[in-house]
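For the sequence shown, the numbering used here begins at 1 and goes up steadily by one. All C-beta atoms in this analysis are idealised placements derived from N, C-alpha and C, irrespective of residue type, glycine included. Just so we're clear, the structure is a prediction, and the values are computed from it rather than from any experiment. For reference, the structure is listed below as structure tokens.
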Amino acid sequence: MEKRLPMNPTALAPARLIRPSWVLLLAVFLSGCATSVPSPQPPMARLPAAEAAPTPAALTVPPVHATVTPVVSLSPAVTEMNEERPVALKPHAILGLQEQIDIWERIRRGFAMPDLNNPLVRNREQWYASRPDYMLRMTERSRPYLFHIVEELERRKMPTELALLPFIESAFNPQAVSSAKAAGMWQFMPATGKYFDLKQNLFRDERRDVLESTRAALDYLQKLYTLFGDWHLALAAYNWGEGSVGRALARNKAQGLPLTYSDLRMPDETRYYVPKLQAVKNIVAQPEAFKTELPLIQNHPYFKSVAIERDIDVAIAAKLANVSLEDFKALNPAMNRPVILAAGKPQILLPWDNATVFQTNLQAHSERRLSSWTAWQAPRTMPAEEVAKQVGMSAEQLRSVNGIPARMLVKAGSTLLVPRQGKLDNDVTEHLADNGQLLLAPELVLRKITVKAHHGDTLMRLASRHGVSATSVADWNRLKPNATLSNGQILSIYVPAKASRKSAPQRSKAPAKTAARSDKRSDKPAAKAAPKR
1 MEKRLPMNPT ALAPARLIRP SWVLLLAVFL SGCATSVPSP QPPMARLPAA
51 EAAPTPAALT VPPVHATVTP VVSLSPAVTE MNEERPVALK PHAILGLQEQ
101 IDIWERIRRG FAMPDLNNPL VRNREQWYAS RPDYMLRMTE RSRPYLFHIV
151 EELERRKMPT ELALLPFIES AFNPQAVSSA KAAGMWQFMP ATGKYFDLKQ
201 NLFRDERRDV LESTRAALDY LQKLYTLFGD WHLALAAYNW GEGSVGRALA
251 RNKAQGLPLT YSDLRMPDET RYYVPKLQAV KNIVAQPEAF KTELPLIQNH
301 PYFKSVAIER DIDVAIAAKL ANVSLEDFKA LNPAMNRPVI LAAGKPQILL
351 PWDNATVFQT NLQAHSERRL SSWTAWQAPR TMPAEEVAKQ VGMSAEQLRS
401 VNGIPARMLV KAGSTLLVPR QGKLDNDVTE HLADNGQLLL APELVLRKIT
451 VKAHHGDTLM RLASRHGVSA TSVADWNRLK PNATLSNGQI LSIYVPAKAS
501 RKSAPQRSKA PAKTAARSDK RSDKPAAKAA PKR
């Protein structure tokens, strides 16, 4: 343990009163203490010997698809400089003598994955290092979440490199949604999220929840590592799907090829996935080598979990906590509606110093209503206008709060958020909080027909002939309302579908578009690793 000197009253005196002899004596004493301080215990997670392995052979890389961050062409001088300069982590002998002053140092101490060292990593290093504004925004956005993620990784004895994975997945944006419908900081697909017990209903989407999505992501990564026995393959499976990685390994095995990440044939997105993480790891390890400045993030919890026992509006919760609505939503991004349901989400996250403020103010509001909303189930299928009349709100407000598009019917059994008033003045039950769904159906099913204009036909005449408006016909065919039709011109018109099957719209004979690659994490895991939580 480090020796500490007792407080010297002389140290508090003005500098001019300190005698030189005292200064000399103090310097000798301190130098003696410094040489006698024993080294603290080594960190729990050490860098494996594999990290010192020779650089793997360079890969021949095809062009990156538009969906992947474009490759930056490096000049020969820059390429030569990067290849000659290996990114070395700070020796643990030095780290052991340094105080954990921030979260970055703590992450560095837990690095435990074998390093990947190839041209793709150099390329991604250059890409990130050449965008300091982007790096700053991304690292600042990680501030509320990093401490919790590192805590969970250390508790599970997992490599702390994984705390950097949301930089690659979502740039640490818990509201991020991909074109493939992956959502949240860890980018879970809907099916995979359900498999790992992330609730997705009318009121909340736990794929965006800070605590639950982190729990699920680490569960999944642990499962993948157990399955493949290699962190690079586990990460590839997290991006591409475990079934896809399994098939790629089977192909290589059948052809007598190596079974490593770098030797697999995979989509470009997955090929660049681990190099991206390695590049961010290298920058975090030695930011000065890349002329990058990491914001100071203290090695201290950013948020605190606070229990709630009554439904409470999001705006009221933020006000009682004395935080901005934006900051509140950043810590509680799973909320789909303007109310937090105690039955479904009995806790909220608040900045550490604001948790006590919230609890004090909440106690002062114990006799007041905290929520202006409740849940209502539709007894039958009905238009939004009819629902609005029954629950005492305008149709526009009903559609806005519940996300109901125009010309859609609310189906029987649907759960809707409505104002608390009259008989509807109760907190939402646990059943509705966990299972509430909005089911919609089009007010009128239409089918597309094509018609041929004859000499003298106008939009008005064709519209009247088929019982639709001339404006609609113009919109469907991208024509001006007063457009002149030519003889033989083909137009599309949508008319009400008949009840009989014979009149149902025919399916297109053109082949359906298929995805060029598997969407990440779209493979359903083969067997559940742990019981539901």
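Here the C-alpha atom of ARG399 lies approximately 14 Å from the C-alpha atom of ALA375. Following the DSSP letters along the chain, one finds ILE449 inside the beta strand (DSSP E) bounded by residues 446-452. Assignment of beta-bridge partners to PHE188 by DSSP yields ALA183.
Assigned with DSSP and collapsed to three states, SER262 falls in helix. Of the candidates LYS452, THR415, LEU459, SER142, SER142 places its Cα closest to the Cα of PRO295. The three-state reading of DSSP puts TYR494 in strand, counting E and B together. Looking only at MET189, LEU235, GLY436, the smallest Cα-Cα distance to ASN201 is reached by GLY436. Secondary structure of ALA375 (DSSP, three-state): strand. With 16 or more other Cβ atoms inside 10 Å of its own Cβ, LEU409 counts as buried. Restricting attention to LEU462, GLY256, PHE172, PRO275, the CA atom closest to the CA of SER492 is found in LEU462. Here DSSP, grouped into helix, strand and coil, assigns PHE167 to helix. Looking at the backbone, the Cα of GLU169 and that of ILE103 are separated by about 20 Å. Following the DSSP letters along the chain, one finds ILE297 in no alpha helix (DSSP H), marked with neither H nor E. In the three-state reduction of the DSSP assignment, ILE348 falls in the strand class, which pools E and B.
The Cβ-Cβ distance between VAL210 and PHE358 does not fall below 9 Å. Partner residues in the beta bridge of ILE340, as assigned by DSSP, are ILE312. For PRO275, no beta strand (DSSP E) run applies; the uninterrupted alpha helix (DSSP H) run containing it begins and ends at 273-285, by DSSP. When TRP240, ALA183, SER244 are compared, the shortest CA-CA separation from ALA216 is found for ALA183. Shortest Cα-Cα distance from LYS181 to any of PRO190, PRO174, ASN173, GLN175 involves PRO190. Annotation for THR471: PRO481 place their beta carbon closer than 7 Å to its own, counting only its chain and skipping 5 residues before and after.
Along the segment 222-265, the alpha helix (DSSP H) occurs as fully enclosed runs of 4 or more residues at 231-240, 242-254, listed in sequence order.
For MET408, the uninterrupted beta strand (DSSP E) run begins and ends at 408-410, by DSSP.
Pairing ALA384 with LYS411 gives a Cβ-Cβ distance that is not under 9 Å. Under the DSSP assignment, SER305 falls in the beta strand (DSSP E) whose first and last residues are 303-307. The Cβ atoms of ALA334 and GLU212 sit closer than 9 Å to each other.
Short of 8 Å from the beta carbon of LEU136, and not among the five residues preceding or following it, lie these beta carbons of its own chain, in chain order: GLU293, PRO295. When DSSP states are grouped into helix, strand and coil, ARG124 belongs to the helix group. Out of ASP353, LYS157, ALA248, the CA that lies nearest to the CA of ASN322 is found in ASP353. Taken through DSSP and simplified to helix, strand or coil, VAL357 comes out as helix. Cβ neighbours of VAL391 within its own chain (closer than 8 Å, five residues either side excluded): TRP376, LEU398, LEU416, VAL418, PRO419, LEU424. Nearest to PRO287 by alpha-carbon distance, out of GLN489, ARG251, THR139, is THR139. When the beta-carbon positions are compared, LEU439 and GLY413 come within less than 9 Å of each other. For ALA384, the enclosing alpha helix (DSSP H) starts and ends at 384-391. Segment contact: the segment 344-351 against the segment 313-332, three or more CB-CB distances shorter than 8 Å; contact assigned.
The alpha-carbon separation between LYS291 and GLN126 amounts to approximately 11 Å.
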